[in-house]
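**Q**
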Amino acid sequence: MRRFAGAGAGLFAIVTTIGAASAADLAARPYTKAPPPIAAIYDWSGFYIGINGGGGWSRNCWDIVTNIFGAPVVPPVSEGCHTASGAAVGGQFGYRWQSGAWVFGLEGQGDWANLSGSNGPSLLAGGGGSDRTKIDAFGLVTGQVGYAWNSVLFYVKGGGIVASDKYEGFLTATGFVFDKASETRWGGAVGAGLDFGVAPNVVVGVDYVHGFMGSRNNSFYFTGPLGAFSRTDRISQDIDIVTARVSYRFGGPVTPTY
58 MRRFAGAGAG LFAIVTTIGA ASAADLAARP YTKAPPPIAA IYDWSGFYIG
108 INGGGGWSRN CWDIVTNIFG APVVPPVSEG CHTASGAAVG GQFGYRWQSG
158 AWVFGLEGQG DWANLSGSNG PSLLAGGGGS DRTKIDAFGL VTGQVGYAWN
208 SVLFYVKGGG IVASDKYEGF LTATGFVFDK ASETRWGGAV GAGLDFGVAP
258 NVVVGVDYVH GFMGSRNNSF YFTGPLGAFS RTDRISQDID IVTARVSYRF
308 GGPVTPTY
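Residue numbers for the sequence shown follow the numbering used here, beginning at 58 and rising by one.
(1) Could you give the residue range of the beta strand (DSSP E) that holds aspartate 100?
(2) Whole angstroms are fine: how far does the CA of lysine 237 sit from the CA of serine 187?
(3) Straight-line CA distance for tryptophan 159 to glycine 248?
(4) Taking Cβ to Cβ, would you say alanine 246 is nearer than 8 Å to glycine 268?
(5) Can you tell me whether glycine 67 is helix, strand or coil according to DSSP?
(6) For threonine 190, count the other beta carbons within 10 Å of its own beta carbon; 16 or more makes it buried, fewer makes it exposed. Which is it?
(7) Quick test of your reading: tyrosine 305 and isoleucine 106, contact by CB under 8 Å. State the CB separation rounded to the nearest angstrom.
(8) When DSSP builds the beta bridges, which residues end up paired with glycine 127?
(9) DSSP three-state call for glycine 184: helix, strand or coil?
(10) Just the C-alpha distance for alanine 205 and glycine 250, rounded to the nearest angstrom, thanks.
(11) To the nearest angstrom, report how far apart glycine 110 and phenylalanine 227 are at their CA atoms.
(12) What are the partner residues of serine 179, as DSSP defines its beta bridges?
(13) Exposed or buried, which one is alanine 301 when buried takes at least 16 other CB atoms within 10 Å?
(14) Might you give, ordered along the chain, the residues of its own chain that have their beta carbon closer than 6 Å to the beta carbon of alanine 81, omitting 5 neighbours on each side?
(15) Please determine, among Arg242, Ala128 and Thr199, the residue with the shortest C-alpha to C-alpha distance to serine 287.
(16) In whole angstroms, what is the alpha-carbon distance linking glycine 281 and glycine 148?
(17) Helix, strand or coil, according to DSSP, for threonine 229 in the structure here?
(18) Name the residue from Val134, Pro133 and Asp264 whose alpha carbon lies nearest to the alpha carbon of tyrosine 212.
(19) How would you label leucine 210, buried or exposed, when you count the other beta carbons within 10 angstroms and need 16 or more for buried?
(20) Run through the DSSP bridge pairs and tell me what glycine 284 is partnered with.
(21) Could you check if asparagine 274 is buried or exposed, using at least 16 other CB atoms within 10 Å of its CB as the buried criterion?
(22) Under the rule that 16 or more other beta-carbon atoms within 10 Å means buried, what is serine 156, buried or exposed?
(23) Does the Cβ-Cβ distance between glycine 244 and leucine 197 come in under 8 Å?
(24) For the stretch 291–298 against the stretch 250–259, are there 3 or more C-beta pairs whose distance is under 8 Å?
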């Protein structure tokens with residue numbers, strides 16, 4: 058009997074010791090917090106190409122500086138001003154590189170356009186004539202400086218602009234075009250834009266450009282078979298363009314940061 062009692066007491070002591078040790082082990086384990094999630098930083102670096110569409114308007118003022126006989130008109134006679142407006146569609150390509158939150162880039166853009174406008178009757182053609190301006194294409198080469206808030210980029214731009222201009226004199230009553238001129242006009246350009254990285258390699262945005270096209274003298278010629286000289290006009294011009302854009306960027310995916 059005493060043997061059973063002694064064995065029971067020993068077994069109880071062993072079980073109690075094991076339980077206490079297990080409880081001590083459990084209490085000693087420290088609490089470990091889950092690691093924070095990985096934040097993704099959008100990378101704006103790389104080449105890109107895309108399409109754009111929108112519209113523009115161009116302010117044009119005409120002055121006669123040489124008459125039909127080639128004699129100077131002093132002072133020049135104003136024929137009035139008008140706005141040529143319409144749609145534009147085209148494409149853009151460029152390269153951007155990012156340093157911290159700052160983004161730098163170079164871009165080329167080319168668009169077909171149908172900007173057109175005319176003024177009311179002026180002194181042209183004895184008071185029965187009007188002038189019309191058409192812009193059927195333009196191109197831009199600009200540098201960019203921007204600041205990125207992750208997948209949102211605001212930038213300013215500046216560079217050069219070129220436009221394909223056509224000018225017409227027509228009879229206001231009938232629309233008959235009696236003389237015309239054309240030129241490729243160059244100027245300076247400034248602008249700004251806002252881009253959104255909607256996917257690792259897809260960017261959408263809106264872009265605005267103002268072109269300073271200056272004043273140029275243009276020689277007009279009659280539309281008849283002889284095409285004789287008719288006049289010289291000094292035409293001053295500027296142009297504003299707003300487009301929505303979609304581009305594909307050839308670069309890496311978003312960069313994880315810890």
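Where a beta carbon is used, it is the ideal one built from N, C-alpha and C, also for glycine.
**A** This is what the structure holds:
(1) Element bounds for aspartate 100: n/a, residue is neither H nor E.
(2) 12 Å
(3) 17 Å
(4) yes
(5) At glycine 67 the pLDDT is 46, less than 50, meaning the model places this residue with poor confidence; the figure from the coordinates comes in the next sentence. Glycine 67: helix per DSSP, three-state reduction.
(6) buried
(7) 6 Å
(8) In DSSP, glycine 127 forms no bridge with anything.
(9) helix
(10) 12 Å
(11) 31 Å
(12) Gly186
(13) exposed
(14) Residue placement at alanine 81 cannot be trusted, given a pLDDT of 47 that sits under 50; what the coordinates show is reported in the next sentence. Excluding positions up to five away in sequence, the list is empty.
(15) Ala128
(16) 38 Å
(17) coil
(18) Asp264
(19) buried
(20) Answer is none; glycine 284 lacks a bridge partner.
(21) exposed
(22) exposed
(23) no
(24) no
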